[in-house]
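>
There are 2 protein chains.
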Amino acid sequence: MSKEAVIVKLIPVFRQYGYEGTTLSMLSQASGLGKASLYHHFPQGKESMADAVMAYVAVEFERAVLQPLKSDRQPIEKLKAMCQGLNEFYAAGENSCFLAIMSVGEADNLFHARIKQQLQTWIETTAEVLIEVGIEPAEAKMRSQHSVIEIQGALVLVRIIKDTTIFENIIASLPQKMLQQA
Amino acid sequence: MSKEAVIVKLIPVFRQYGYEGTTLSMLSQASGLGKASLYHHFPQGKESMADAVMAYVAVEFERAVLQPLKSDRQPIEKLKAMCQGLNEFYAAGENSCFLAIMSVGEADNLFHARIKQQLQTWIETTAEVLIEVGIEPAEAKMRSQHSVIEIQGALVLVRIIKDTTIFENIIASLPQKMLQQA
DNA sequence: GTCTATATAGGGATAGAC
DNA sequence: GTCTATCCCTATATAGAC
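Line by line, the protein sequences give chains A and B. Residues in the first sequence are numbered consecutively from 7, following our numbering. Residues in the second sequence are numbered consecutively from 7, following our numbering.
1. Inspect the beta-carbon positions of L85/B and L105/B and report whether they are closer than 8 Å.
2. Span of the alpha helix (DSSP H) holding F173/B?
3. What residue from F95/A, S37/A and T28/A has the CA that sits closest to A113/B's CA?
4. Can you tell me where the alpha helix (DSSP H) with F48/B in it begins and where it stops?
5. Mind checking if I82/A is an interface residue toward chain B, Cβ cutoff 8 Å exclusive?
6. At 8 Å on the CB atoms, spell out the chain A contacts of E174/B, in chain order.
7. Along chain A, which residues have their Cβ under 9 Å away from the Cβ of S37/B?
8. Just to make sure I have the definition right: I need the residues of chain A whose C-beta is within less than 8 Å of the C-beta of G24/B. Which are they?
9. Throw me the rounded Cβ distance for the R165/B and S150/A pair, which I believe falls under 8 Å.
10. What does the Cβ neighbour count give for N101/B, buried or exposed, with the cut at 16 atoms within 10 Å?
11. Tell me, please, whether the CB atom of G189/B is closer than 8 Å to any CB atom in chain A?
12. Given a cut-off of 8 Å on the beta-carbon distance, is the pair A133/A and A119/A in contact?
13. Hey, I177/B and N93/B are a contact pair by Cβ (cut 8 Å); roughly how many whole angstroms apart?
14. Alpha carbon to alpha carbon, how far is L161/B from C103/B? Give it in angstroms, no decimals.
15. Quick one: is R165/A near chain B, going by C-beta distance under 8 Å?
16. Would you mind telling me which residues of chain A sit closer than 9 Å to A122/B, beta carbon to beta carbon, in chain order?
17. Could you check what DSSP says for M148/B in three-state terms: helix, strand or coil?
18. L85/A CB to nearest chain B CB: under 8 Å?
19. With 16 as the cutoff for other CB atoms within 10 Å, does Q187/B come out buried or exposed?
20. How would you label Q50/A, buried or exposed, when you count the other beta carbons within 10 angstroms and need 16 or more for buried?
21. Buried or exposed, going by whether 16 or more other CB atoms sit within 10 Å of the CB of I56/A?
22. Which residues bound the alpha helix (DSSP H) around V19/B?
23. Mind listing the chain A neighbours of I107/B? Cutoff is C-beta to C-beta under 8 Å, in chain order.
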C-alpha cells in the first residue's frame, strides 16, 4: 500500500477522536495494517502519523479552498468558488476542522505553530480578494476573520446538534456578506 | 477538602486537555489529592469526574449567562448583561468551551445528549428575549443560533491565534446585531 | 478522607522472521 | 512491506492501612 493510501485511511480516525483519543489500535484497524507496519511507514510513530495527516489535509485545503481564491475570475466568483470548496472540504459540515481538533491538549503543543500559520494564511488569502474590490485592508482582514469565525462556529454546532443546514446556511450567506456595500 | 473544592480544581485540566487527554495523574496533581483520594470522591473514576465538572460548569453558565436573560429588565439590557456574563464565563475568550471540547471522541459518546441539550437551551433562552421585542420566532431562533455560532467560532480562533480581542469584538457587537431593525 | 502499595489492561513502540 | 511476538511504560482502578 502506498504511503498516501495509508494516510487517507488514518484521516477520519484523527478527525473523530482527536490526537490523544486516537490509539495505534484504531489506526491499525482503520488502515488494515498491523501496528508494526504502520511503523514502517512512520518510524516516528503516532506523532508523525498525525503530522502526515495534517500535512495531507493542508494540501487538500489549499486545493479546494485557497486555489479558487487565486484564479483570475471576478471577486464574487472567487468567493463563491471558495464556498463550494469549503462545502466539499468539510463535507457539508459533517467533518470537524482539523485545526480546531488539533489545537487541544498535547497536540496543541506539537502542532500549534503550523495550525496558527494555516489559519492566518486562510484569513489573509480571503482578505486579498476583498482588497481587490476596494475594501480597506483593515476592514478586509476583519471581514475575512469574521467569515472564518462563522465557519468554525458552524462546524462546532453541527457536530453537536447534527444538523448540516446550519453549516450550509452560513456558507450560502458568506459571499454577499463579505462584499456588502463595497 | 469539600467535593466542590475538588471539582473546581479539576476544571482547568479537562478544559485544556480534553477528556481523553486528561490523566488521573494530572487530576491528582491539580487537586493535590492522591489518585485513591479522588476515587473516594468519585467512585466511578475519571468518567464521573468529568461528569461532575460538566455539571458544575453548567450551573456556572446558567448563573452567569442565562439568568441575566430571565430578569425583568429591558431586552437590550438583558442581552448586554448576558454578554457581560459570557465575558466572565469564558474569561474574555481564554477559556475553551466545555461543550465544544467534550463533543469529541469518547467524551462525545458519554456526554452527547447533555451537551446538545445545554446548547439548545442556550439558543432557546436567547431567542425568548428576541421574541419579546417582536421578532418572529423563526427569525429569533436563527439570530440566536447565529450568535452562538459566532461565540463558538471566536473561541476557536482565540485558542489558535491567542488574541482575545477577537472574542471581545464579537461579544461587543452581539446585542445590537441581534436586535437590529426590530 | 487520605495515603501507600498494587493489580490489570492497554498504550506506544521494537525485534526479527518472512 | 507486512507480520507475530514481545517489551516497557503509563493509565485506570482497587485494597487496605491509618
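Each residue gets a CB set at the ideal place from its N, CA and C atoms; glycine is no exception.
Concretely, from the data shown:
1. If you number the second sequence from 1, residue 85/B lands on position 79. If you number the second sequence from 1, residue 105/B lands on position 99. No, the Cβ-Cβ distance between L85/B and L105/B is not below 8 Å.
2. Within the second sequence, residue 173/B is the residue found at index 167, counting from 1. First-last of the alpha helix (DSSP H) with F173/B: T171 to L185.
3. The residue given as residue 113/B occupies position 107 in the second sequence. Answer by Cα proximity: T28/A.
4. In the second sequence, the residue the question calls residue 48/B occupies position 42. Annotation for F48/B: no alpha helix (DSSP H) segment contains it, and DSSP assigns it neither H nor E.
5. Start at 1 with the first residue of the first sequence, and residue 82/A comes out as number 76. By this cut-off, I82/A is not an interface position.
6. Looking up residue 174/B in the second sequence gives position 168. Neighbours of E174/B on chain A: none; closest Cβ ~13 Å, over 8 Å.
7. Locating residue 37/B in the second sequence gives position 31, counting from the first residue. Going along chain A, no residue has its Cβ under 9 Å from S37/B, so there is no contact; the nearest lies around 18 Å.
8. In the second sequence, counting from the first residue as 1, residue 24/B sits at position 18. Near G24/B (Cβ distances below 8 Å), the residues of chain A are G24, E26, G27, V110 and G111.
9. Numbered from its first residue, the second sequence carries residue 165/B at position 159. Numbered from its first residue, the first sequence carries residue 150/A at position 144. Rounded, the Cβ-Cβ distance is 18 Å, inconsistent with contact.
10. Residue numbering aside, residue 101/B sits at position 95 when the second sequence is read from its first letter. Its Cβ being crowded by 16 or more others within 10 Å, N101/B is buried.
11. Given that chain B is displayed from residue 7 to residue 188, the structure contains no residue 189/B and the question cannot be resolved.
12. Position 127 of the first sequence, counted from the first residue, corresponds to residue 133/A. Position 113 of the first sequence, counted from the first residue, corresponds to residue 119/A. Cβ distance not < 8 Å, so A133/A and A119/A don't count as in contact.
13. Translated into the one-based positions of the second sequence, residue 177/B becomes position 171. Translated into the one-based positions of the second sequence, residue 93/B becomes position 87. Between N93/B and I177/B the Cβ distance is about 6 Å, and since that is below 8 Å, they are a contact.
14. Within the second sequence, the letter at position 97 stands for residue 103/B. Within the second sequence, the letter at position 155 stands for residue 161/B. Each residue's Cα considered, the two are about 7 Å apart.
15. Numbered from its first residue, the first sequence carries residue 165/A at position 159. Yes, because at least one Cβ of chain B sits closer than 8 Å to the Cβ of R165/A.
16. Position 116 of the second sequence, counted from the first residue, corresponds to residue 122/B. Note that residue 122/B is Lys in the sequence shown here, rather than Ala. Neighbours of K122/B on chain A, chain order: I166, I167 and K168.
17. Taking the first residue of the second sequence as position 1, residue 148/B is located at position 142. It is helical.
18. Against the first sequence, residue 85/A aligns to sequence position 79. It does not: the Cβ of L85/A has no partner Cβ on chain B nearer than 8 Å.
19. As a working mapping, residue 187/B is identified with position 181 in the second sequence. Exposed, because fewer than 16 other Cβ atoms sit within 10 Å of the Cβ of Q187/B.
20. The residue labelled residue 50/A in the question sits at position 44 within the first sequence. By the neighbour-count rule (16 or more Cβ atoms within 10 Å), Q50/A is not buried but exposed.
21. Taking the first residue of the first sequence as 1, we reach residue 56/A at position 50. In the sequence as presented, Ile is not what sits at residue 56/A; that position holds Ala. By the neighbour-count rule (16 or more Cβ atoms within 10 Å), A56/A is buried.
22. Locating residue 19/B in the second sequence gives position 13, counting from the first residue. From DSSP, the alpha helix (DSSP H) with V19/B extends over K9 to G27.
23. If you number the second sequence from 1, residue 107/B lands on position 101. Ordered by position in chain A, the residues that pass the 8 Å Cβ test against I107/B are V110.
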